[in-house]
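Novice: Residue numbers for the sequence shown follow the UniProt record's numbering, so the first one is 1 and each next one is one higher.
Input: one structure, supplied below.
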Amino acid sequence: MHLNTKRVVITGGPSTGKTAVIDVLEQKGYHCLEEVIRAMTLAKKENESDVVFETNPIVSVTEPMAFNQMILDARIAQYESTANNSEEIVFFDRGIPDVLAYMDCFQQEYGKPFTEACKNNLYDVIFLMPPWKEIHVVDNERFESYEESLRIHECLEKSYSSFGYDVQIVPKDTILNRVDFILEHLKQLK
């Protein structure tokens, strides 16, 4: 691993512009790890055709705890995959504490393995994209209403803060300006 590799999370509720920012970072040559839940949600929709996804998948699937465990395991695997990375910065589309934030938001209980995963796999910087009504959409992978997005945002900020992170709020702006904000903040940390 690069001696000073920074593990950087970009997170936010649904339809906050998070993925668009990560796409631009990737186009600029940065190493970015994709959101793990999108593929899982599509697979669950195909395998559980009788389930109607009207809100977040963690409350729509038949076994929410098993689904959450799969997400947690995938995020831990992503984190561990960066152990021998030679990049100066690795961007994560969501981090491990996101799992707990969503479970908190949808009032699901979790045990010590979930909190220990957050304590044992630490990131360097957390960027949080705030809810943005003007760009909020519901699609095949995003089921939450704008009101749910507001609740998710609060839970994300609370979850990361509870693990000692100084969460950086990314201002609502153009995609390129948001990318510049993130990169400029990271430069100041060197």
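Backbone N, C-alpha and C fix where the C-beta goes; we use that ideal spot for every residue, glycine too.
Determine the direct distance from the alpha carbon of tryptophan 132 to that of histidine 185, and round the result to whole angstroms.
Specialist: Along the sequence shown, one-based indexing puts residue 185 at 185. Along the sequence shown, one-based indexing puts residue 132 at 132. Roughly 21 Å between the two C-alpha positions.
Novice: Since I believe valine 125 is in contact with leucine 189 (beta carbons under 8 Å), could you give me their beta-carbon distance rounded to a whole number of angstroms?
Specialist: The residue you call residue 189 lines up with position 189 of the sequence shown. The residue you call residue 125 lines up with position 125 of the sequence shown. With 8 Å as the limit, leucine 189 and valine 125 qualify as a contact, their Cβ atoms being about 7 Å apart.
Novice: The ligand NAP and proline 14: does any heavy atom of the ligand fall closer than 7 Å to the residue's C-beta?
Specialist: The ligand content of the structure shown is nil, which means the ligand NAP is not present either.
Novice: Check this for me: beta carbons of valine 170 and isoleucine 182, under 8 Å apart or not?
Specialist: For the purposes of this step, residue 170 is taken as residue 170 along the sequence shown, with counting starting at 1. For the purposes of this step, residue 182 is taken as residue 182 along the sequence shown, with counting starting at 1. Going by C-beta atoms, valine 170 is nearer than 8 Å to isoleucine 182.
Novice: Okay, do the stretch 84-99 and the stretch 6-13 touch, 3+ Cβ pairs below 8 Å being the bar?
Specialist: Yes: the two stretches touch, three or more of their Cβ pairs being nearer than 8 Å.
Novice: Return the residue from the list Ser86, Val21 and Gly29 that minimises the CA-CA distance to glutamate 35.
Specialist: Taking the sequence shown and counting its residues from 1, the one referred to as residue 35 is at position 35. The shortest Cα separation from glutamate 35 among Ser86, Val21 and Gly29 belongs to Val21.
Novice: Would you give the residue range spanned by the alpha helix (DSSP H) that aspartate 104 belongs to?
Specialist: As a first step, residue 104 is located in the sequence shown; it is residue number 104 there, counting from the start. 97-105 is the span of the alpha helix (DSSP H), which, as asked, contains aspartate 104.
Novice: Between which two residues does the alpha helix (DSSP H) containing phenylalanine 67 stretch?
Specialist: As a working mapping, residue 67 is identified with position 67 in the sequence shown. First-last of the alpha helix (DSSP H) with phenylalanine 67: 64-81.
Novice: List the endpoints of the continuous beta strand (DSSP E) containing aspartate 93.
Specialist: Indexing the sequence shown from 1 puts residue 93 at position 93. First-last of the beta strand (DSSP E) with aspartate 93: 89-93.
Novice: Quick check on threonine 16: buried or exposed, where buried means 16 or more other Cβ atoms within 10 Å of its Cβ?
Specialist: Position 16 of the sequence shown, counting from 1, holds the residue named residue 16. Classification of threonine 16: buried, given that the 10 Å Cβ count is 16 or more.
Novice: So, at 6 Å on beta carbons, what are the nonlocal neighbours of arginine 178 in its own chain, with the 5 sequence-adjacent residues on each side left out?
Specialist: The count along the sequence shown starts at 1 and reaches residue 178 at position 178. So the list reads Val21 and Val170, once near-sequence residues are dropped.
Novice: Mind checking who valine 9 pairs with in its DSSP beta bridge?
Specialist: For the purposes of this step, residue 9 is taken as residue 9 along the sequence shown, with counting starting at 1. Valine 9 is bridged to Phe92 and Ile126.
Novice: Judging by CA-CA distance, which residue of Gln108, Asn120 and Tyr110 is the nearest neighbour of alanine 77?
Specialist: Looking up residue 77 in the sequence shown gives position 77. Out of Gln108, Asn120 and Tyr110, Asn120 has the C-alpha closest to the C-alpha of alanine 77.
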